Structures are given as structure tokens and as C-alpha cells.
RNA sequence: GGGCGAUUAGCUCAGUGGUAGAGCACUUCGUUGACAUCGAAGGGGUCACAAGUUCGAACCUUGUAUCGCCCA
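Residue numbers (this note's numbering): 3 to 1054.
Now the structure itself:
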């Protein structure tokens, strides 16, 4: 059948993908040979709310290349697709949707109803990105599409119908790790998002440089003490000396001053040495209740930054937190979950007294300190930014701001200008790095909160060892260094999020209890029934029960509380503080005089922790969770441990390292043996793609315009190990042209030489012509090149090798050289060449299929005609057998030498003609002055070919080169083009001289090396031999050109 | 401040000890029986800098400069 004029990607891609899926080409184990080893890739699960971006396109192209390659090789392959539930992103999307449709808000709906809405949204829109992966040609086993919330309450099982019960796996792991003491609850400074009212991970924080202010304030020394403040220049000369009764502090966040626990200076800072250990007063809040804090030393303050003294607010700054931990400085939390100044607790006077008591040595627990609210009444409930203004105003009004004098020009009423000196507070306007929530876009507040943690230090060991001993390989190697650096300095992993959408933590709280303290508990209970004490505060004294489900937790609670108690559970509606664990009795404990007797029946209500697990906790279980652990059967567990993980280097720690730790902790096996890391896809200039810059490239638009194959080829060619990924449209266009080239070469085979009617199979047809023997060898070489490139994850080498082979060797040489045969009349030669041509195209399609599946499959199907060898009908290319022939099998060195001689003659003639302006179209005569027997044989066999492509009409042997002749040198032969009438003698001389110049440079290097006795002594023999051969060849060429130059000079 | 990396042709990048390559761009030519989404020919680099190791360095070592990314 005649092929279309060009490949219509837009029309063919959808049709081909459907055909592959319909034929079950991508199912786990499809095309596997009997007893084949498994090869499995776990997709890095995209966010279920996501849409395909260039990063996904790149990442999935590489995965698809590997899986298609292995599938064709006959491995038992599985490429596992799926999405993660993306807690905060999904919750946000659904909340926004509710608002848009004017439906009740999340808070109005309550937890259960809201989660129904989320599942409904997932059912409707959650499949977007999975379907977009298909546009790219991704050959995942989509029947197994997984979801990290599969099996959780309310799951409608849409879009992940066959997914295993991921929820059970997550909960099981949590419970087991909890029981082993690997998971605990504690206070830590986290990135708090005041909009979503949850902790978020570092990855979800964007640090953005914004215009900020730096205020300078005076903290007066306690009791009016003074000291001599001395500043010196570099040479030690005193530049300032004054008596001060304060220490100057610079801050960009004055509202946090209320929670200061200390002022820190560098131990080597001489300016403050006299006052280290003294107390200073925090210059804000009601004067009579101002707290005194110590001046301490710590390595953290930078002497040259600001005044060199740093206020330490451990509960609201990551650096300060470390200083506070080192120095035992209390951390006072100032804000609530919305980022407003706290309004809870006792009056300010009482609270500040508590803090002062603690400072003087009274014992407080961490929770008790956290309960202290150091916000003065007049600031309570204010948004943090309003509070900042108020604090600045109050300090300035009191004269405790550091002032500066400025001269400004003012105009009076008549317009006269006058210079006026002004003293104003010192406020520096300077850019500061500020953290923003990547989804909420609000300023992230570092906040000390109760969170759940994995004690990562206890599980990191095996994950480190597996990479150190080479069991798991990370590419590029720099990734391993980063991995070690991360894991050797690992911190506790915060796994709780204050969200509803996610795996709810399987922990229930009840009152702490034992017989001795029962009365005390009852008393406390009595009090708390009427008090405003928060849930968070209550949990400090609560008993935690961790179990996979309610039945189990009730059993656990029974064991703890004993027979006297009835146990029930309460599902917290989700708003923090709305409920707390309770102990009930039929007696109204709040009635005066009421009391318990020993036989009174009691009830305990357990409350489930409202928090959910970080999405990374569940995606940390992705390899075993998707395969059905703990309920997996042999048909899925055989794919574990998986083979290759391809992902972005930015999540090496967040995801890769955690999968390593968790799989090793849970099933004691590595999750994968090789990790391939790549960078971010950037624009052509290397800028990050971002909506605000407007340089985002949509892969789907690229597919629409250039076809998926062009995009995929571009991705492969960019994928050098450790390479930077800059996406240039020009490059995509170039590879689109390559797709066309492949199509046209196939079309030539089809319409011009009817090659595809030839009978052929997987093995190369027998060939006698050097041209055909040569191309068969070249195919074998490129097959080896592609395989070794894929094995080494050098996708760029595979892509570039195929490109160069197909364009420069196959099309520019072989295809052209078949023309004299097909336009001649040697039928045997035609038959042989037809078969070889068709076979070579088949092989090229196979080798290019992993990178460009669509165009290759389309050509494969329209050209037909293969499978004669085995008698089997042609399979789809996606399941064609990957070849194993080697260069050693198929390269014919004689044919190779002959073709390179022919090509050299043609190229030299063409080059010489072009440089001396002989019209390319004109046919000219050629003479030969000298030719060896080998050269003569080559000429005789390839005369028609050389004449056609060098545009020569005759060859005459002469004894002496005619005057005015263009010299053509070839190995073992000297030719000339006697064109005295046409050529420009000066140009020909210039050409020869230029060639001599190039040769002289090469010869200089070669001779220099070979003359050096140490070279022959130290260099490997094959290098020396190569240099000798090279020198001989260059010398032969030099002699010929020198002679030609002498000849041409005769007529000049 | 710490970690990882980069610096090679006008641009984007390959190149792990044997004397420098690709694509694009550029110049000239071309309606030559697959292809103008093309073909032919060509120009273009002190491999950031400095010192060292080596017979030999873009590559290994040390230092310097500049630029990224991540963490603090």
C-alpha cells in the first residue's frame, strides 16, 4: 500500500494508543518470554489534582523508554501507574470548588460530609493527569492504576478500580512503627500555614525575596545598669566609645519580641562582653509587667550583621529555635492557628508572672510553657501584621527605637525650600527572604506545635548501608553524596498534618488513669468540664491508644481501664479543641458534694486524633502499597523489589530516601535497585518555568503542534547524566523533522523500490554486495550503541546515536547508494537490496521504538510483510523482539573498508568542486594518475555509484597530471579533474594550501608525540600503533597535496 | 554559613587521560526521480583562570574567579 505523504501525528497517536491498549500490550507481563526475569518501574505518583507539565513529560518519557525497551527484550515488565492524594492541594481544590458553587463551606459541612465531596471530586476530575500520560505514549499497565487513599473510608473506587487497599497498608505500618517506638508525638517548630491551619513540609514552602523592613530597638539593661560600648575599625582603632544603658537589637518581625526568651551575642564579640549574663528588659507591653531576659552567648549571631545582637524567639524562628534548644531558653508561642496573636489563657499580668517564675527557676513542663500566653491584652486577637504595627508604634512612642538624623528638603507654604534636620526611627528598607505557602500564598509562620514524628534516626541505618554497599545505585553519582549528607544529618520526620483529607492517624486518646490517681482525675475532670482548656493542652495528660481500627482500640482501652469502665469512641469533627477525651459518670460531678463510690460505673470516651498523615508518609510506601502488601499474591509480589526509579533530584530526600527507610523498616528489603535522578525542566534560557514569568511550556500543546514523538526524542536527547534540562523549541522542531525523515525514508522503500514486498525476518538477509553487507554491519553497531547507552541510562547517547545513524549513515549514504541499483538493471542486486533495505528499516524502527513509539509503530503496521522467517503473523512493533546480534557477528571489515574508500572519493570530489566553484550539477571527466590494485577493485565494483554522486562522466588513466587540474587524493590513489578552462587557479591553490595547513598541524602533533622516546615507552602499544598509522596516512596525503600544489603552481 | 554542581563554537549542550564533537544559528550554492519539515559545501573554540601530576590534561590534584541549585 502507498504511504501517505507525511506522518499525521495528530490523527495517528490516539488511534495507535487505543490499539495498543486494546491488544493488552502494556499489561504486566505482556510479551514476557517464558521464565523471564521481572522488570518493574514505579511511577512517581503525580498529585491527583495535577495536570501534565514538562517535568512529568520528561520524567515519564524516560520511564517509558526503559519499560518499552525491556518489554521488547522479553522481560516480565510492569510499569505501575497511579496518583497520590495530595492532602493540602486536594483539600484546597475542593474547598475552592464549594465556594465557587456557593455550597456550604468545609467547616459548615463537617468532616464526614466534606470528605464525601472530596471523593466525588476525585471521581469526576481525578483521572485528568493519568489520561494525559497516555497522550505522551506512556505504556503503563493502566488497569492497575493505584491511589494512595484507596480503601480509605468513603472510597468510591473510581479511577483506581483494581488498586489494592493502600489505606490498610498505611495504617498497618503506622501501628507497627508506633508499637516499635519509631513514631512518637512531640513539640517541634514547623512551617505553619495560617491559611490552611496546618503544618506543611519544606517542599511546600517557597522562599521569596520581598521588600522588608529592619527595625532597630533598644532593650534596656535591668536596674538601669550601664556599660561602655566600644566599636573599633579593622586596625583596632576606636571609632566609637559611649556609655549605654541598653543593647541594640535589629529585627524584621517586631511582634515576636513578646515571646523573646533571651538576647544572644557571639562569644567573641568584645562589644558586649561586659554585659553577657546580665538581664535586659523587653521594651514592649505594659511597663509594670515587663519581663527580664538574659544576654547569652551562642555561635549563631553574626557580629557584622545589624548590631551583632540577636533576640531569641524559640517558638517562632528556626535559627532561634536551635539557639533556644542549646541554651535551655523557654519558647513562648504567641500566635494561634490562624496567625493571630493569642487570646487564650489568663490575663497578661498572670501569664507574665508565670514566665518570670520560670525564669527564676520554677519547674515547668514543655506543655505548661506552651500554655503561657505572653500577648498583652491590647494586642490579643490581632492579626500578626497588625500587631507588628502596634508594637513598633508603642516602642517608638516610648523612645526605645534606635533613632537616626536625616536632612530633608521641605517647602513652606510660599514654596521656599529649606533644609531641615529630622530625627526619625531607624528603619532599614531591605529585601528579605520570606517563606510563603506555595498553595496558600500567605506568609508561613514558624510555630511550635504538637506533631507526630518518625524517629528517623532509628530507621536510617539500613537505608544508608544499602547505598554505601552498592545494593542500591543512585545516578548521577553526585546524588549519592547528597543522599549521605542528608541521611547522616537526619532530623525527626514530622508526619502529621492538620487536614481532613488524608489517612487519619490511628490513635485515640483517653484520660490517663490509675487507681491511685482516680480521685485526682475526677477532680480535674470536674474542673475541665467547665473550663476553656484546650484540646491541645489536655492531650498533655492523655493516654494514647494506637490500633488499626475501633474494635481494636476499644479492646486496648479495656485492658487499660479495667472492668469498671465502659469504653466508647468519638470521632472528632475535626476542629481542634472541639472535643477532648472524657471520663463520665452518672453522678453530676459539678454538683457540690457529689462524689464517687468504689462501685459507681464509669464511662470513658476516647477521641481520635483529628490529624492526618503527611502525604509523603503514604507515598513512602508506594512500592509495596501499590503491589498490594500486606495482602499481596505471587503475581504482584514478584515485581518487588522493583528495578528502576526515575524521579527529580529535588525529592531525593522527601521521597526516595523515605521509601528506602520505610521499605527497609517494614519488609526489610530495598524498594528498587537503581535510582535515576534528573533536574528541573527549564526554558531555553535556563529559567525556571513559572506562571508569573509566563515561560511555562505546556507539553500537550507541544504534542499538538509537533507530535509526541518529537517531544519524547527531545526529552531523551536532553537526558545526559546530571545534565541541565533546557527546553528549546528549535530542538523540538529539529526532532519533528527527524520524524519526517524517518517517514520519508520508509516511503522511499515503499513507493520507489517496493522493498517491503521482500520476505524477511529478524535475522539479516544474506547479502553479497558490499553496500548491503556494510549497512547490515552498521545496524549491528548502532544496536550495540543503543543498548549500552540504555544500560548506562545515557538516554542522550542513545538518541544522538540513532539520529546520527539514521540521518547521516542510512539516509545520506545507504539510501542514496541504492539508487544506482534500482535505476539499473541487475535484478539479483535489486532483489538483494530490497530485502536488506526493508530489514534495515525494520531494525531502525525497532531500535527507535522506545524513544518514538508512535511513528515507528505506524510505519511498522503500514509496511507489513515481515514474519516470513518464523511463519508467525507480524506482531505489533511494541512487542517486536529486540535484536541481540553484535558487531562481531555482522560487521564485514572488507565491505566497511570498501565503502569508506568510495565515500572518501565522492566526498573529496564534491568538496573540491564546491570550493573551486564547479557547478554542482555539471558532469565532468576525471583522470587517474596512480591507483593501487585494491583501489582499482573498489573503483570497478562501484563505478556507477561514484560517477553518479561525484557527478563524473568518465575516468581516464593518464601518466601525468594535466596542467590546470583539481587534485583529488584518496587512500592508495590520486585523481584529478582536468578543468583548466573552468577552474579558478588561485582558488585551487588556496584550497590546497588550506588543506596542507590543517595537515601540518596534525602532523606536528603526531610527530612530536612519536619522536618523544617516553611516549613509546609509557603509552599503551595500541595507542602508539594508532599514532603511527595515522602519521603514515597523513604523510601520504600531504605528499599528494604538495605535488598537486607544485603542479598547479606551474600554470599560475 | 554548609552541601552539591557548573564554566567547552554565536546559542543549547555532549565529551571519565591519547590532542575537540553534535544540534541549532551563520555563509555560499542548489527546481539533480524519498524528503525544501530538504540537499551540497563551508567558516567558527588558548575547553573560565593559575599552578601541579603525567610521555601526554577539556578530563586527575590544589587554588582563584564567576554562576546555579539545595539546606540553614
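The beta-carbon is built from N, C-alpha and C at its ideal position, and this holds for glycine as well.
It should be emphasised that the depicted structure is a prediction, and the values quoted were computed from it without experimental measurement.
Query raised in the report: Going by C-alpha distance, which of 818, 393 and 689 is nearest residue 285?
Result: In the first chain, residue 285 corresponds to position 283, counting from 1. Comparing Cα positions, the closest option is 393.
Query raised in the report: Run through DSSP, which three-state label would residue 2 get?
Result: Residue 2 lies beyond the range of the chain shown here (3 to 1054); nothing can be said about it.
Report task. Give the secondary structure of residue 186 by DSSP, where H, G and I count as helix, E and B as strand, and everything else as coil. Result -> Start at 1 with the first residue of the first chain, and residue 186 comes out as number 184. Residue 186 falls in the strand class under three-state DSSP.
Query - From 35, 650 and 19, residue whose alpha carbon lies closest to that of residue 28 - result: One-based indexing of the first chain puts residue 28 at position 26. Closest option to residue 28, Cα to Cα, is 19.
Query raised in the report: In terms of residue numbering, what span does the beta strand (DSSP E) encompassing residue 983 cover?
Result: Translated into positions along the first chain, residue 983 becomes position 981. Careful: residue 983 lies outside any beta strand (DSSP E) and carries neither H nor E.
Query raised in the report: For residue 545, does the three-state DSSP call read helix, strand or coil?
Result: Counting from 1 along the first chain, the entry for residue 545 is found at position 543. In this structure, residue 545 counts as strand in the three-state DSSP scheme.
**Report entry** Uninterrupted beta strand (DSSP E) stretches inside the stretch 122-206 (no shorter than 3 residues)
**Finding:** 185-195 and 200-202
Query - Contact check, residue 897 vs residue 934, beta carbons under 8 Å - result: Numbered from 1 along the first chain, position 895 holds the residue referred to as residue 897. Numbered from 1 along the first chain, position 932 holds the residue referred to as residue 934. No, they are not a contact pair.
Requested in this report: Measure the C-alpha to C-alpha separation of residue 16 and residue 139 and round it to an integer number of angstroms.
Outcome: Here residue 16 is taken as the residue at index 14 of the first chain, counted from 1. Here residue 139 is taken as the residue at index 137 of the first chain, counted from 1. One C-alpha to the other measures close to 9 Å.
Report task. Determine which residues share a DSSP beta bridge with residue 231 and list them. Result -> Taking the first residue of the first chain as position 1, residue 231 is located at position 229. According to DSSP, which records beta bridges pairwise, residue 231 is partnered with 244.
Query raised in the report: Would the stretch 260-269 and the stretch 346-353 be scored as touching if the rule is three or more Cβ pairs under 8 Å?
Result: With the rule of 3 Cβ pairs closer than 8 Å, the stretch 260-269 does not count as touching the stretch 346-353.
Report task. Locate the beta strand (DSSP E) running through residue 1098, then write down its first and last residues. Result -> The structure shown does not extend to residue 1098, since the chain is modelled only from 3 to 1054, so the question has no answer here.
Requested in this report: Pull up the CB-CB distance for residue 200 and residue 499, whole angstroms please, since I reckon it's below 8 Å.
Outcome: As a position in the first chain, residue 200 is number 198, starting the count at 1. As a position in the first chain, residue 499 is number 497, starting the count at 1. Between residue 499 and residue 200 the Cβ distance is about 5 Å, and since that is below 8 Å, they are a contact.
Requested in this report: Go through its chain and collect everything with a Cβ distance to residue 539's Cβ below 6 Å, but skip five positions before and after it.
Outcome: Reading the first chain from its first residue, position 537 is the one you call residue 539. Interpretation of residue 539 is limited by its pLDDT of 42, a score under 50 that renders its predicted location unreliable; no figure is taken from the coordinates.
Requested in this report: Decide if the stretch 674-684 is in contact with the stretch 648-661; the criterion is three or more beta carbon pairs, one per stretch, under 8 Å apart.
Outcome: yes
Requested in this report: Provide the residue span of the alpha helix (DSSP H) that contains residue 865, from first to last.
Outcome: Numbered from its first residue, the first chain carries residue 865 at position 863. Its alpha helix (DSSP H) spans residues 855-865.
Query - Delimiting residues of the alpha helix (DSSP H) encompassing residue 406 - result: Working through the first chain from its first residue, we reach residue 406 at position 404. Where residue 406 is concerned, there is no enclosing alpha helix (DSSP H), although the beta strand (DSSP E) it sits in stretches over 405-413.
Query raised in the report: For residue 268, does the three-state DSSP call read helix, strand or coil?
Result: By one-based count along the first chain, residue 268 stands at place 266. Coil, per DSSP.
Query raised in the report: DSSP on residue 731, reduced to helix/strand/coil?
Result: Taking the first chain and counting its residues from 1, the one referred to as residue 731 is at position 729. Helix at residue 731.
**Report entry** Integer-rounded CB distance, given that residue 781 should sit under 8 Å from residue 845
**Finding:** Translated into positions along the first chain, residue 845 becomes position 843. Translated into positions along the first chain, residue 781 becomes position 779. Contact holds; Cβ gap of about 5 Å.
Query raised in the report: Is there contact here, the stretch 797-813 with the stretch 922-932, by at least three beta-carbon pairs under 8 Å?
Result: no
Query raised in the report: Can you name the residues that DSSP bridges to residue 868?
Result: Within the first chain, residue 868 is the residue found at index 866, counting from 1. Per DSSP, 762.
**Report entry** Buried or exposed by the 16-neighbour rule on C-beta atoms within 10 Å, applied to residue 135
**Finding:** Here residue 135 is taken as the residue at index 133 of the first chain, counted from 1. Result: buried.
Query raised in the report: DSSP puts residue 915 in a beta bridge; with which residues?
Result: Residue mapping note: residue 915 aligns to position 913 of the first chain, counting from 1. Answer is none; residue 915 lacks a bridge partner.
Report task. Can you tell me which of 728, 156 and 105 puts its alpha carbon nearest to the alpha carbon of residue 698? Result -> As a working mapping, residue 698 is identified with position 696 in the first chain. Cα-wise, what sits closest to residue 698 is 728.
Query raised in the report: Rounded C-beta distance between residue 1011 and residue 914? I'm assuming under 8 Å.
Result: On the first chain, position 1009 is the one that residue 1011 refers to. On the first chain, position 912 is the one that residue 914 refers to. That belief does not hold up - the Cβ atoms of residue 1011 and residue 914 are roughly 30 Å apart, past 8 Å.
Requested in this report: Keeping to the same chain, check which residues put their C-beta closer than 7 Å to that of residue 313; ignore five residues upstream and five downstream.
Outcome: Translated into positions along the first chain, residue 313 becomes position 311. Excluding residues within five positions, the ones whose Cβ falls inside 7 Å are 251, 253, 259, 262 and 265.
Query raised in the report: Based on the DSSP secondary-structure assignment, which residues constitute the bridge partners of residue 253?
Result: Here the question's residue 253 lines up with position 251 in the first chain. In the DSSP output, where bridge partners are listed per residue, residue 253 has 217.
Requested in this report: With residue 788 as the anchor, note down where its alpha helix (DSSP H) starts and where it stops.
Outcome: In the first chain, counting from the first residue as 1, residue 788 sits at position 786. Its alpha helix (DSSP H) spans residues 772-793.
Query raised in the report: Less than 8 Å separating the beta-carbons of residue 77 and residue 38?
Result: Mapped onto the first chain, residue 77 falls at position 75. Mapped onto the first chain, residue 38 falls at position 36. Contact: yes.
Requested in this report: Could you say which of 823, 840 and 221 lies nearest to residue 832 if we only look at CA atoms?
Outcome: The residue given as residue 832 occupies position 830 in the first chain. Of 823, 840 and 221, the smallest CA-CA separation from residue 832 is found for 823.
Query raised in the report: Taking the DSSP output, what are the residues bridged to residue 881?
Result: Locating residue 881 in the first chain gives position 879, counting from the first residue. DSSP lists no bridge partner for residue 881.
Report task. Identify the continuous beta strand (DSSP E) that holds residue 568 and give its terminal residues. Result -> Position 566 of the first chain, counting from 1, holds the residue named residue 568. That run of the beta strand (DSSP E) goes 567-572.
Query raised in the report: From this set, 826, 763, 889 and 691, which residue's C-alpha is nearest residue 787's C-alpha?
Result: Taking the first residue of the first chain as 1, we reach residue 787 at position 785. Nearest option by C-alpha distance: 889.
Query raised in the report: What's the gap between the Cα of residue 638 and the Cα of residue 630?
Result: Here residue 638 refers to the residue found at position 636 of the first chain. Here residue 630 refers to the residue found at position 628 of the first chain. Their Cα atoms are separated by approximately 7 Å.
Report task. Look at the Cβ atom of residue 429, then the Cβ atom of residue 437, and state whether they are nearer than 8 Å. Result -> For this step, residue 429 is matched to residue 427 along the first chain. For this step, residue 437 is matched to residue 435 along the first chain. Going by C-beta atoms, residue 429 is not nearer than 8 Å to residue 437.
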